[in-house]
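Structure record follows, encoded as structure tokens.
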Amino acid sequence: MRHGTFLFCAGVLALGCGDRSSAWDADYESVSAGGPPTQGLSGSVAVRDDALDRLVMITSPGGRDLTTKALPVGKGIVYWQTDAKRERLFVLSEGVQPRRERDDEKPSLTVIDGGGWREVDGRAEFHEPSILARYELDDPPNPVLYLDPEGEYAVVTVGGGVVENPNELLLVNLPEDGDDEPTIEAKTIRSFGSSPQAISFTKRLRFPDGIGRRMMIVQTEQEVALIDPENLDTEITVRLSEPLNGVNMSSPVEVAVHDNQRSQFDPDDGERFPIIAIRLRNRSTVPLLSFEAAPSEAEAGVETTGVDFLVTVNIAEVGSVPSDIDFFWTEVDAAPALRLAALLPNRSEVALVNPDANYTDYVALGAAYDHMTRVTDDVAVQPLNSDVALLTGQSVYSVAFWELGSTGTRSYRSLETHSIGIPINQIIPITQDASAPDGEDYGHLKLLRGVTASEFYVLDLNQRQSAPMLTTGTSGANITPAPDGQRAWVSVANEEEIASVRFSDLHPTTLVLERPVAAVYDIAQPETTHGSPSRVAIALHIEGASLGATVLDARAPDTADTRFYGGILLGGIR
132 MRHGTFLFCA GVLALGCGDR SSAWDADYES VSAGGPPTQG LSGSVAVRDD ALDRLVMITS
192 PGGRDLTTKA LPVGKGIVYW QTDAKRERLF VLSEGVQPRR ERDDEKPSLT VIDGGGWREV
252 DGRAEFHEPS ILARYELDDP PNPVLYLDPE GEYAVVTVGG GVVENPNELL LVNLPEDGDD
312 EPTIEAKTIR SFGSSPQAIS FTKRLRFPDG IGRRMMIVQT EQEVALIDPE NLDTEITVRL
372 SEPLNGVNMS SPVEVAVHDN QRSQFDPDDG ERFPIIAIRL RNRSTVPLLS FEAAPSEAEA
432 GVETTGVDFL VTVNIAEVGS VPSDIDFFWT EVDAAPALRL AALLPNRSEV ALVNPDANYT
492 DYVALGAAYD HMTRVTDDVA VQPLNSDVAL LTGQSVYSVA FWELGSTGTR SYRSLETHSI
552 GIPINQIIPI TQDASAPDGE DYGHLKLLRG VTASEFYVLD LNQRQSAPML TTGTSGANIT
612 PAPDGQRAWV SVANEEEIAS VRFSDLHPTT LVLERPVAAV YDIAQPETTH GSPSRVAIAL
672 HIEGASLGAT VLDARAPDTA DTRFYGGILL GGIR
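So the sequence shown is residues 132 to 705, counted in our numbering.
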């Protein structure tokens, strides 16, 4: 049965008890400029309420019930972002500017646990939303944040002062739980006239000096710097503003890293060390970095500190400007061999570079594919010594399954293409959190969509089939897989219709709600049904200063079994 629940601020009911802050009357959308006003996490929905310098965390204790919890964040939010697992939320704030009093708030980074189910000592536990840590900054942060996918680090850059150091990075050591002491370290990268443009993190790699390191890779306009986040004095800088080995370089736009370890094939294959490839803007040359055990002077253009091994740069000429690069295992003479693949859409080819011999093979693709994704771990039948890649293109009405290896005179095992009705510019993976039911893994599915298409495709990597899903004649649909990996939600801003697509049989269910929908989020509840956590879908309705929500059963949505909540920001749910 449908219920209506209306939420009011106590100060509104107590008329005549004093003036109320004008922040309670501020238009909701206007105070959340610069980003979406809401974010979905695995166990909650975060709502920005900038006028009151807080986040309102919406959770569900069970059934169609909702609860809210207000978490204070810094004044003047400039940026916020969830991590890759949708477990944590990071909020950058500028504080009071300019500061005049000691009590004026400093700029800050707030780290929030969004709650939900977590794996703890081999069992699943439910956590409530909470503040994990708060980091004070000396200067206002820039509206960008770089997050480590393994959850150990975050990098903040600052600006806006009279004097700025654009090469200063603030490395935040992220806490595993709220009991850890927050730490933050400043690092100024070695610069030759440029500043950071992108930052990424590697997994732990084995280097020739016997030390296992994770590396923070910093791309500037004309360099690539590798920095050990556990020892910031360890830095390797590749200068691309000057010729390397007689070849004029350019700005880096992509970095591919491989550990070069063949342990999954042969645990006794000897000492092998990481290899790094750099894709350059408007260049057909790809610099390759390798590491050798013997200490020596670095090659021209490479500056190193804090390491006791040689870094060598070789230049691979791939014949055309690549749109994407990555390392893949292939098979040569029945043994695994590492190759750098460079997609060449201008030639409808992919170049396969042997990094040991700097020798290149070319594979004709028959179409101008410009993006490749490794899907080896997502397919049921995996090659013994090689990888499988999915090829897509923004101007190609097909996808291709490329299985590396070798067959006869060919330098690959198979290339299988499938026509679809749209060119693809986005691949949405299906992932699962701790609330996923046992034995129901749909990681072999990918959601494919284009920029202007009024449809998307569900691609089955095992069956090599693609199923089209039509939306209601619009290209503005939001497609969001549920964190438990069992379904996707489709909504269009300011429309009353939403839809759920069940992955088990690709059955879509259309639901017409009573109010326009701003977004739909699928979250876990503390209670369980049939041995797995229950889940609800929360459809948010934003109208001026008002925020409401309709709650449905996520696994069996039915508009006859919903509950509506209004005025969520006006004092909490009653």
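Think of the CB as a built atom: it goes at the ideal place given N, C-alpha and C, for glycine as much as any other residue.
For clarity, every value in this text was computed on a predicted model and none was experimentally measured.
Proximity of the region 683 to 697 to the region 629 to 642 meets the contact definition, three or more beta-carbon pairs being nearer than 8 Å.
Cβ-Cβ distances below 7 Å link Glu658 to Gly193, Ser665 in the same chain, with the five nearest sequence neighbours on each side left out; the list follows chain order. The straight-line gap separating the alpha-carbon atoms of Leu475 and Gly377 is approximately 23 Å.
For Phe459, the closest of Leu278, Val355, Ser542 by C-alpha to C-alpha distance is Ser542. Per DSSP, the unbroken beta strand (DSSP E) holding Glu299 starts and ends at 299 to 304. A contact between stretches requires three or more CB pairs, one per stretch, nearer than 8 Å, and the region 219 to 228 meets this requirement with the region 171 to 189. Under the 10 Å beta carbon count, Ala511 is surrounded by fewer than 16 other beta carbons and is classified as exposed.
Sequence-distant partners of Ser517 (beyond 5 residues in either direction) whose C-beta falls short of 6 Å from its own C-beta, in its chain, are Trp460, Thr461, Glu462, Leu535, Gly536. Contact annotation: Ile407 and Val417 have beta-carbon atoms that are not nearer than 8 Å. Across the structure, Gly432 and Val388 are spaced so that their CA atoms are roughly 19 Å apart. Beta bridge pairing from DSSP links Thr198 with Thr190. A direct Cα-Cα distance of roughly 22 Å separates Ala317 from Arg230. Put simply, the backbone Cα of Gly341 is about 17 Å away from that of Asp364. The continuous beta strand (DSSP E) containing Ile367 extends over residues 362 to 370. Counting of Cβ neighbours within 10 angstroms places Phe323 among the exposed residues, the total staying below 16. Assignment of beta-bridge partners to Met380 by DSSP yields no partner. If you look at Ile208, you'll find it in the beta strand (DSSP E) that goes 208 to 213.
A distance below 6 Å between beta-carbons, with the five flanking residues on each side excluded, links Ala495 to the following residues of its chain, in chain order: Glu480.
With 16 or more other Cβ atoms from the protein chains shown falling within 10 Å of its own Cβ, Glu366 counts as buried.
Residue pairing for Ala520: DSSP places it in a beta bridge opposite Arg505, Trp533.
Proximity to Pro647 across Arg618, Pro639, Leu197, Thr681 peaks at Thr681, based on C-alpha coordinates. Across the set Arg633, Val384, Tyr652, Thr435, the C-alpha of Tyr652 shows the shortest separation from the C-alpha of Leu683. The beta carbon of Lys237 sits closer than 6 Å to those of Gly226, Glu267, all from its chain and outside the five residues before and after it, given in chain order.
Rounded to whole angstroms, Thr693 and Ala264 show a C-alpha spacing of 36 Å. Inside the region 612 to 693, DSSP marks no whole alpha helix (DSSP H) run of 4 or more residues. When secondary structure is reduced to three states using DSSP, Asp455 falls in the strand class. Here Asp184 carries a coil assignment [DSSP, helix/strand/coil]. Contact between the region 549 to 565 and the region 608 to 621 is present: 3 or more CB-CB pairs across the two stretches fall below 8 Å. Rounded to whole angstroms, the separation of the alpha carbons of Gly581 and Gly552 is 10 Å. When only Cα atoms are considered, Ala356 and Thr435 end up about 9 Å apart. When the beta-carbon positions are compared, Tyr500 and Gly524 come within less than 8 Å of each other. According to the DSSP assignment, Met347 belongs to the beta strand (DSSP E) that extends over 347 to 351. In this structure, Asn391 and Leu441 do not form a Cβ contact; the two beta carbons are roughly 16 Å apart against a cut-off of 8 Å.
By the 16-neighbour rule on beta-carbons within 10 angstroms, Asp564 is buried. Distance between Val289 and Pro306, taken at the CA atoms: about 21 Å. Note on Ala466: under 16 other CB atoms within 10 angstroms of its CB, so exposed under the neighbour-count rule.
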